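Comments concern the structure below.
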Amino acid sequence: MNLTHIEHLGIAVKSLDEAIPYYEKVLGLKCYNIEEVADQKVRTAFFKIGQTKLELLEPTCPESTIAGFIEKRGEGIHHIAFATDDVASCLAEAEEKGVRLIDKAPRGGAEGLKIAFLHPKSTMGVLTELCMK
Ligand code: CO
3 MNLTHIEHLG
13 IAVKSLDEAI
23 PYYEKVLGLK
33 CYNIEEVADQ
43 KVRTAFFKIG
53 QTKLELLEPT
63 CPESTIAGFI
73 EKRGEGIHHI
83 AFATDDVASC
93 LAEAEEKGVR
103 LIDKAPRGGA
113 EGLKIAFLHP
123 KSTMGVLTEL
133 CMK
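Position 127 of the sequence shown, counted from 1, bears residue number 129 in the numbering used here, the numbering being contiguous throughout.
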């Protein structure tokens, strides 16, 4: 699998309005984009540090998987996203090596990326996203 860098960390928060001031006023990062991803039932806020982004995820309804995550485990790191130039071949390789896939094929994510997730049951508890431009 050819992964080039950590594209972003996904962080589950109850409220973007409460979380963004911490990242801006304490850590000194700048929120450069807020985007709702309707099919994932989240609102996302993006920060950039070096070539890595932080993606804050706020649930937009109680049925959102992010709402379920916060309910079960509280706010915090939700997933790690690796950049690659070929998500489909990464998925094929992972599946061949016995990793359970959440997505069988790449789908559209925030910021126009093509994304797919590996199941945390197969990755020692770390929800893993593969993404490409
Ligand atoms: Co993500």
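We treat Cβ as the ideally placed atom computed from N, Cα and C, and that holds for glycine. Predicted model only: the values in this text are computed from it and were never measured.
Exercise. Rounded to whole angstroms, what's the CA-CA distance from Ala-96 to Gly-78? Just pull it up for me.
Key: For Ala-96 and Gly-78, the distance between alpha carbons rounds to 26 Å.
Quiz item: For Gly-30, which of Glu-38, Glu-113, Glu-37 and Ala-21 has the nearest alpha-carbon?
Solution: When each option's Cα is compared against that of Gly-30, the closest is Ala-21.
Quiz item: Would you call the CB atoms of His-10 and Ala-118 closer than 8 Å?
Solution: Contact check for His-10 against Ala-118 fails: the beta carbons are separated by 8 Å or more.
Quiz item: Does the Cβ of Val-15 have 16 or more other Cβ atoms within 10 Å, making it buried, or fewer, making it exposed?
Solution: Val-15 counts as buried, since no fewer than 16 other beta carbons sit within 10 angstroms of its beta carbon.
Practice problem: Count the CB pairs spanning the region 111–129 and the region 89–103 that are closer than 8 Å, and state whether there are at least three. | Solution: Yes, since at least three Cβ pairs between the region 111–129 and the region 89–103 fall closer than 8 Å, the two stretches touch.
Quiz item: With distances taken between CB atoms, is the gap from Thr-86 to Leu-58 smaller than 8 Å?
Solution: No; because the gap between Cβ atoms is not below 8 Å, this pair is not in contact.
Self-check item: Backbone CA spacing between Ala-47 and Glu-26 [nearest angstrom]
Solution: The C-alpha of Glu-26 is placed about 12 Å away from the C-alpha of Ala-47.
Quiz prompt | Rounded separation between Phe-49 and Asp-19 - CA only | solution = Answer to the nearest angstrom: the Cα atoms are 14 Å apart.
Quiz item: Can Glu-38 be considered in contact with ligand 1, in the sense that its beta carbon sits closer than 7 Å to one or more heavy atoms?
Solution: For ligand 1, not one heavy atom lies less than 7 Å from the Cβ of Glu-38.
Quiz item: Is any heavy atom in ligand 1 found nearer than 7 Å to the beta carbon of Glu-57?
Solution: Indeed, a heavy atom of ligand 1 lies less than 7 Å from the Cβ.
Quiz prompt | As assigned by DSSP and simplified to three states, the class of Arg-75 | solution = Helix.
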